[in-house]
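What follows is one structure encoded as structure tokens, with my remarks underneath.
Protein chains: 2
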Amino acid sequence: MLTIGKLGEAAGVKVPTIRYYEQIGLLPEAERSSGNQRLYGRKAMERLAFIRHARDLGFTLEAIRDLLSLSDKPDQSCAAADAIAKAQLAEVESRLARLTALKSELERMVVQCAGGKIADCRVIEVLGDHSLCATDHRHPETEATQ
Amino acid sequence: MLTIGKLGEAAGVKVPTIRYYEQIGLLPEAERSSGNQRLYGRKAMERLAFIRHARDLGFTLEAIRDLLSLSDKPDQSCAAADAIAKAQLAEVESRLARLTALKSELERMVVQCAGGKIADCRVIEVLGDHSLCATDHRHPETEATQ
DNA sequence: CCTAATGTCTCTAGCAACTATAGCTTCAAG
DNA sequence: CTTGAAGCTATAGTTGCTAGAGACATTAGG
Ligand SMILES: [Zn+2]
Ligand SMILES: [Zn+2]
Ligand SMILES: [Zn+2]
Ligand SMILES: [Zn+2]
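Heads up: the protein sequence lines correspond to chains F and U, in order.
Going by our numbering, the first sequence opens with residue 1, and the numbers climb by one from there.
Going by our numbering, the second sequence opens with residue 1, and the numbers climb by one from there.
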């Protein structure tokens, strides 16, 4: 059995984060030692590694909650899990598209500035006027999933 | 003079957001009508448009605060403004790199799943085991969400 | 065995950048 | 003149943690 510190070290998750996951019900309540300290076995370790990896892939805790509960039902169809992954892929693709536009606008700004005074700074000028931009990079709002 | 609603409409910013910007000192306290309602002129409009555009380009409110105070000093060198823009570009590039890795991992997961039961689902399997990933997509130390 | 240094416990508050709600007042149209 | 939209303040909630305070537990060294 691992203490919370060892578990965190093993899984690459900080101790307060583990307690937070327990608090929001993403991890089950841990066993306790005689001195009231949390103790974890292999199952908890695997569950935490799953969460960590999914977080690293950008899934929200809400999506991870669903994925975890699906993974507890091995005989069910995986369609729901695949749908969550596909939604996450779509989300990543849309952020990628937006960030690509942002990058090109920022590059333009930076390159075009001749480095004189604020009054002539292209950075300040472009920030004040989107019509100087080459792309439509505006923030898409009202999105379905995240 | 515009009411807060008209200003928000004109600048593409929600009303509570404008009040929030005032509260945190990003916008100056607005003039008030006899009935205590906020009134805005062209200057406030331009300032809000600047903020909105910079937010759309991913700058933090803290960076925008600095950019605004620089833009109020037209005779100063623009080096500081350019540095902020370059830092933002670097930030965007690093996010882009990470998202690109994420995208390819998610694509792999989704493509490899044959669509059977959870027990055989590649999505669930990969989420539980990073060593099945082709890239190192792990979370770098600090990331601002966006 | 005692002590000091960690580690862990609970609880609360804070971060970014808003968004939502409640319970008012004011304004503009009909 | 009435009604409904828009405005006001103040507070709390969102996401995914992170940082502190103050108390208890465990462990390594002398
Ligand atoms: Zn410049
Ligand atoms: Zn623009
Ligand atoms: Zn599957
Ligand atoms: Zn991985």
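C-beta atoms are modelled at their ideal positions from N, C-alpha and C, and glycine is treated no differently.
If you're wondering where the values come from, they're calculated on a predicted model, not measured in any experiment.
Check: Residues, ordered as in the chain, of the segment 107 to 128 of chain U that lie near chain F by beta-carbon distance below 7 angstroms; Outcome: E107, M109, V110, C113, G115, G116, K117, I118, A119, C121, V123, I124, L127, G128
Check: Boundaries (first-last residue) of the alpha helix (DSSP H) holding K73(U); Outcome: That residue, K73(U), is in no alpha helix (DSSP H); it is neither H nor E in DSSP.
Check: Buried versus exposed, by CB contacts within 10 Å (16 or more), M1(F); Outcome: exposed
Check: C-alpha distance - H130(U) paired with R19(U), whole-angstrom precision; Outcome: 45 angstroms
Check: Inter-residue Cα distance where the pair is P74(F) and R95(F); Outcome: 32 angstroms
Check: Buried/exposed call for H139(U), threshold 16 Cβ in 10 Å; Outcome: exposed
Check: Check: D82(U) C-beta below 8 angstroms from any heavy atom of ligand 6; Outcome: Ligands displayed in this structure: ligand 1, ligand 2, ligand 3 and ligand 4; ligand 6 is not among them.
Check: P74(U): contacting residues in chain F (beta-carbon distance under 7 angstroms); Outcome: K117, I118, A119
Check: Inter-stretch contact (C-beta, 8 angstroms, three-pair minimum) for the segment 28 to 47 of chain U and the segment 74 to 91 of chain U; Outcome: no
Check: Option nearest A90(F) by Cα separation, candidates L99(U), G115(U), L89(U), P28(U); Outcome: L99(U)
Check: Chain U residues whose Cβ lies nearer than 8 angstroms to that of L2(F); Outcome: Residues of chain U passing the Cβ test: none, with the nearest at roughly 18 angstroms.
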